[in-house]
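Sequences listed follow chains C and B, in order. Last residue of the first sequence? That's 96 in the working numbering, and every number before it is there in order. Last residue of the second sequence? That's 112 in the working numbering, and every number before it is there in order. The beta-carbon is built from N, C-alpha and C at its ideal position, and this holds for glycine as well. First up is the structure itself, then whatever we jot down about it.
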Amino acid sequence: ETGVTQSPTHLIKTRGQQVTLRCSSQSGHNTVSWYQQALGQGPQFIFQYYREEENGRGNFPPRFSGLQFPNYSSELNVNALELDDSALYLCASSWTGGSTDTQYFGPGTRLTVL
Amino acid sequence: AQRVTQPEKLLSVFKGAPVELKCNYSYSGSPELFWYVQYSRQRLQLLLRHISRESIKGFTADLNKGETSFHLKKPFAQEEDSAMYYCALSSDNYGQNFVFGPGTRLSVLP
Chain C
-17 ETGVTQSPTH LIKTRGQQVT LRCSSQSGHN TVSWYQQALG QGPQFIFQYY REEENGRGNF
43 PPRFSGLQFP NYSSELNVNA LELDDSALYL CASSWTGGST DTQYFGPGTR LTVL
Chain B
3 AQRVTQPEKL LSVFKGAPVE LKCNYSYSGS PELFWYVQYS RQRLQLLLRH ISRESIKGFT
63 ADLNKGETSF HLKKPFAQEE DSAMYYCALS SDNYGQNFVF GPGTRLSVLP
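Put into structure tokens, the structure is as follows:
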């Protein structure tokens, strides 16, 4: 069984740029959720993808967008980066089968916006 | 809107002492509550969920709907319990809207 992986590990961007973060879900999982974790805070839900469609969204602006691919891997795209976007971005995969299911988290991507 | 609060940023106890990590939530419906833990240099992982009603690593948590609380307890803390603990709430059956608390860092002293 392969765990959740994320790439890259670290990333430095400047304000106004665009960034793409990647997540490979755990084998057998069909759902991916993305979270933003600012320093000293708990993770904040960005959105969830299930069967390649957005299946729920937190309080984040449209410049945060995502994709899920047929193999259930996922991307998080952030346009027009702002300084406050600096955070650890976590993805979590799970199996959606009719009830809330355990989420397995990746190690995260640390994004720094200068 | 749902919200999770954890009043203590840091909790220090001595090895062998009881520990209680507090969690309160606000949600008008029937939430599902979780405790997640992050050990040093490891990824966030599920510790326990209220519907399972099980004890993991000696930890238990009871959902008190009257007090809207889901406190995490262990009768005898161990040094390896030192970690960051997050309480979380899911407001639907499909985990679409997960809300995490700010976390409590537990330090178990020798």
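C-beta contact flag for residue i and residue j at 8 Å
i, j, result
"L93 (chain C)", "Q(-1) (chain C)", "no"
"L48 (chain B)", "Y41 (chain B)", "no"
"V21 (chain B)", "K59 (chain B)", "no"
"Y86 (chain C)", "W16 (chain C)", "no"
"N99 (chain B)", "S71 (chain B)", "no"
"Y32 (chain C)", "T2 (chain C)", "no"
"H(-8) (chain C)", "S75 (chain C)", "no"
"V110 (chain B)", "S84 (chain B)", "yes"
"A3 (chain B)", "A79 (chain B)", "no"
Rounded straight-line distance, which links the Cα of residue j to that of residue i
i, j, result
"Q(-12) (chain C)", "S55 (chain C)", "10 Å"
"K(-5) (chain C)", "S47 (chain C)", "17 Å"
"L23 (chain B)", "L35 (chain B)", "14 Å"
"N59 (chain C)", "Q30 (chain C)", "13 Å"
"P9 (chain B)", "T106 (chain B)", "8 Å"
"W77 (chain C)", "T84 (chain C)", "8 Å"
"G24 (chain C)", "P44 (chain C)", "22 Å"
"C73 (chain C)", "V15 (chain B)", "32 Å"
"N66 (chain B)", "Q44 (chain B)", "30 Å"
"S6 (chain C)", "L96 (chain C)", "27 Å"
"S57 (chain B)", "D64 (chain B)", "10 Å"
"H52 (chain B)", "A20 (chain C)", "27 Å"
"G31 (chain B)", "T91 (chain C)", "33 Å"
"R(-3) (chain C)", "N61 (chain C)", "10 Å"
"D66 (chain C)", "G22 (chain C)", "14 Å"
"G38 (chain C)", "E57 (chain C)", "15 Å"
Cβ separation of residue i and residue j, assumed to be a contact under 8 Å, to the nearest whole Å
i, j, result
"E34 (chain C)", "Q50 (chain C)", "5 Å"
"P33 (chain B)", "L74 (chain B)", "So it is not a contact: roughly 16 Å between Cβ atoms."
"V101 (chain B)", "F27 (chain C)", "7 Å"
"K17 (chain B)", "P112 (chain B)", "6 Å"
"L108 (chain B)", "L13 (chain B)", "5 Å"
Amino acids of chain E, ordered along the chain, whose beta-carbon sits closer than 8 Å to that of residue i
i, result
"Q47 (chain B)", "Although the question refers to chain E, the structure presented lacks it and instead comprises the protein chains C and B."
Contacts of residue i in chain B (Cβ-Cβ under 9 Å)
i, result
"Q23 (chain C)", "F102, P104, G105"
"L72 (chain C)", "R45, L46"
Proximity test, Cβ basis, 8 Å: residue i and chain C
i, result
"Y87 (chain B)", "no"
Beta carbon proximity, residue i to chain B, threshold 8 Å
i, result
"F27 (chain C)", "yes"
"S15 (chain C)", "yes"
Proximal residues of chain C, C-beta to C-beta of residue i below 8 Å
i, result
"N99 (chain B)", "F27, G38, G40"
Check: residue i C-beta below 7 Å from any heavy atom of the ligand MN
i, result
"S32 (chain B)", "With respect to the ligand MN, the structure offers nothing, as it holds no ligand at all."
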